[in-house]
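Here the sequence shown is numbered in my numbering, starting from 44 and rising by one per residue.
Glycine included, every Cβ here is placed at the ideal spot set by N, Cα and C.
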Amino acid sequence: MPKVTKEDALSYHSGGRKGKVEVIPTKPYSTQFDLSLAYTPGVAHPCLEIEKNKDDAYLYTAKGNLVAVISNGTAVLGLGDIGTLAGKPVMEGKGLLFKVFADVDVFDIEVDEKDPEKLIECIRQIAPTFGGINLEDIKAPECFEVETRLKEMLDIPVFHDDQHGTAIISAAGMINALEITGKKPSEIKVVVCGAGASASSCTRLYMALGVKRENIVMVDSKGVINSKRRDLNKYKAQFVTDRDIDTLEEAVKGADLFLGLSVANMLTKDMLATMAPNPIVFAMANPNPEISYEDAMSTRDDLIFATGRSDYPNQINNVLGFPFIFRGALDVRATTINEEMKLAATKALAGLAKEPVPDSVLRAYDVDELKFGREYIIPKPLDPRLISRVASAVAKAAIDTGVAKLQITDWEDYKISLDKRTSEHIRKIADVTGL
Numbered sequence: 044m045p046k047v048t049k050e051d052a053l054s055y056h057s058g059g060r061k062g063k064v065e066v067i068p069t070k071p072y073s074t075q076f077d078l079s080l081a082y083t084p085g086v087a088h089p090c091l092e093i094e095k096n097k098d099d100a101y102l103y104t105a106k107g108n109l110v111a112v113i114s115n116g117t118a119v120l121g122l123g124d125i126g127t128l129a130g131k132p133v134m135e136g137k138g139l140l141f142k143v144f145a146d147v148d149v150f151d152i153e154v155d156e157k158d159p160e161k162l163i164e165c166i167r168q169i170a171p172t173f174g175g176i177n178l179e180d181i182k183a184p185e186c187f188e189v190e191t192r193l194k195e196m197l198d199i200p201v202f203h204d205d206q207h208g209t210a211i212i213s214a215a216g217m218i219n220a221l222e223i224t225g226k227k228p229s230e231i232k233v234v235v236c237g238a239g240a241s242a243s244s245c246t247r248l249y250m251a252l253g254v255k256r257e258n259i260v261m262v263d264s265k266g267v268i269n270s271k272r273r274d275l276n277k278y279k280a281q282f283v284t285d286r287d288i289d290t291l292e293e294a295v296k297g298a299d300l301f302l303g304l305s306v307a308n309m310l311t312k313d314m315l316a317t318m319a320p321n322p323i324v325f326a327m328a329n330p331n332p333e334i335s336y337e338d339a340m341s342t343r344d345d346l347i348f349a350t351g352r353s354d355y356p357n358q359i360n361n362v363l364g365f366p367f368i369f370r371g372a373l374d375v376r377a378t379t380i381n382e383e384m385k386l387a388a389t390k391a392l393a394g395l396a397k398e399p400v401p402d403s404v405l406r407a408y409d410v411d412e413l414k415f416g417r418e419y420i421i422p423k424p425l426d427p428r429l430i431s432r433v434a435s436a437v438a439k440a441a442i443d444t445g446v447a448k449l450q451i452t453d454w455e456d457y458k459i460s461l462d463k464r465t466s467e468h469i470r471k472i473a474d475v476t477g478l
């Protein structure tokens, strides 16, 4: 893949129609009668039906396929607190990904508010517009409170992707990496480098998959989160270790899994050399990981290595999750995205990586082979099977756990309908790659 330059990126965003998204009508509008149906006087009839039954909003409006991507710009990608407006290109990009990968419509909403109480109230007030809310790039620890409170208040899915998306994708990679190395979740020692939103969510999901709490060490910018620390908030305090260690260097000795959610160059070659046999390293700092691919692979030949980058094997990319998770949740009108739905998405992703890869995916990535193993533990984002596998798993988990308002009886028909939703996107990929 060509290197992305500043000039390329600015030209992409500013060329032609500015930005990356637009709103288009879905009903006829070419005659006066069409316009009378769309607005006055015809529009009064669906309004009155919704007044009698609020659920009819899903029948007469776009609510059921509309997600709000909401941010206050306090933790934008690897850029930090760059402000509400500066984060808008990211939120528009999220909308583009939602649409092309899962046919979910999005309004991106940038809220100029850092006070969590006011931010919560603002989102609560606009929530009736949407079928789901994707919180994005809100810094920790405020993001925990914002998501928790909104989930209690609202009867639509609320999902902070920085937390749970990363957790779901990396956990799928962990499942497969452990299978390859012959290790069990209950036996491995895990070091989490970083203590923000994604680190917390990843750790909890790993524990739900069998990793033992006492085998986890979390490290923040001041060192190991241990019982000697007196500067911990309640979110970090959940992950205190009783081990008498203070540094990342001490923590990684003998560790089986390094989960990097921090900044570049935190893990040195010397540290990597001290990890257990067949170590797993997920170095996900962007754009530069905690240890480079070249340094990691030159240090250990028994390593399974993943990053957040597309130019190396095993990309841990949130686009493998959030479009399809919301697709499944919206299709059964789920009132929340619960732990069972997250685990279902995780296991669906892990399972898909073990299946033969279609030729279309090989050509899209210009490779001769992708086969389950050390350099392929997670599906590729352009795999067209993702929507039918992940969305259906999420929808089924919602139904099974009683949080779905709609039922699906013909699962094969549902999967076919999911594939049709992204057929246009697949055709465009085919045009670009010459399929």
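If you check the CB distance, PHE141 and VAL110 come in under 8 Å. Per DSSP, reduced to three states, the secondary structure at VAL234 is strand. Going by DSSP, MET261 is part of no alpha helix (DSSP H) but of the beta strand (DSSP E) stretching over 259-263. Secondary structure of LEU395 (DSSP, three-state): helix.
Per DSSP, LEU102 is one residue of the alpha helix (DSSP H) stretching across 100-103.
Rounded to whole angstroms, the gap between the alpha carbons of SER229 and ASN115 is 38 Å. Non-local beta-carbon contacts of LYS458 in its own chain, meaning distances under 6 Å to residues more than five positions away in sequence, involve SER431, SER435 in chain order. Approximately 10 Å separates the beta-carbon atoms of ASN329 and GLY303; this is outside 8 Å, ruling out the contact.
Minimum Cα-Cα distance from PHE282 among the listed residues LYS296, ASP263, THR465 corresponds to ASP263. Across the set ASP98, GLY394, ASP313, VAL189, the C-alpha of GLY394 shows the shortest separation from the C-alpha of VAL433. Contact annotation, VAL235 with ILE259: C-beta distance approximately 7 Å; criterion of less than 8 Å satisfied. At least 8 Å separates the beta-carbon of LEU373 from that of ASN177. ASP124 and LEU275 have their C-alpha atoms roughly 21 Å apart. At the C-beta level, ILE442 and VAL375 come within 8 Å of one another.
Residue range 159-169 is occupied by the alpha helix (DSSP H) that includes ILE169. In the structure shown, the three-state DSSP call for ASP313 is helix.
In the structure shown, THR342 falls within a helical segment according to DSSP collapsed to helix, strand and coil. Per DSSP, GLY371 is one residue of the alpha helix (DSSP H) stretching across 365-374.
Distance from the CA of GLU337 to the CA of THR317, rounded to the nearest whole angstrom, comes to 17 Å.
In this structure, THR117 sits near LYS157, with a CB-CB distance shorter than 8 Å. Shown here, GLY303 sits in a strand according to DSSP, grouped into three states.
LEU405 sits in a helix when the DSSP states are folded into three classes. One Cα belongs to ASP409, the other to SER403, and the distance between them is close to 10 Å.
Only residues of its own chain outside the window of five on either side were considered, and among them LEU310, ALA326 have a CB closer than 6 Å to the CB of ILE334, listed in chain order. Inter-residue distance for LYS463 and PRO427 is about 10 Å (C-alpha atoms, whole angstroms). Under the criterion of beta carbons closer than 8 Å, THR224 and ILE347 qualify as touching, at roughly 7 Å.
Beyond the five residues adjoining it in sequence on each side, PRO401 comes within less than 8 Å, by CB distance, of ASP426, PRO427, ARG428 in the same chain, given in chain order.
For PHE348, the uninterrupted beta strand (DSSP E) segment begins and ends at 347-350. Counting C-beta pairs closer than 8 Å gives three or more between the stretch 169-184 and the stretch 93-106, which meets the contact rule. At the C-beta level, HIS207 and LYS385 come within 8 Å of one another. With distances taken between CA atoms, VAL147 lies nearest to ILE368 out of THR452, ILE368, SER270, THR127.
Nearest neighbour of PRO89 by Cα position, chosen from LEU102, GLY416, VAL306, turns out to be LEU102.
Where ASP148 is concerned, the enclosing beta strand (DSSP E) starts and stops at 148-153. Residues ASP289 of the same chain have their beta carbon placed closer than 8 Å to that of LYS271, with the five preceding and five following residues left out of the count. Beta-carbon to beta-carbon, THR379 and PRO200 are separated by about 6 Å, close enough to satisfy the 8 Å threshold.
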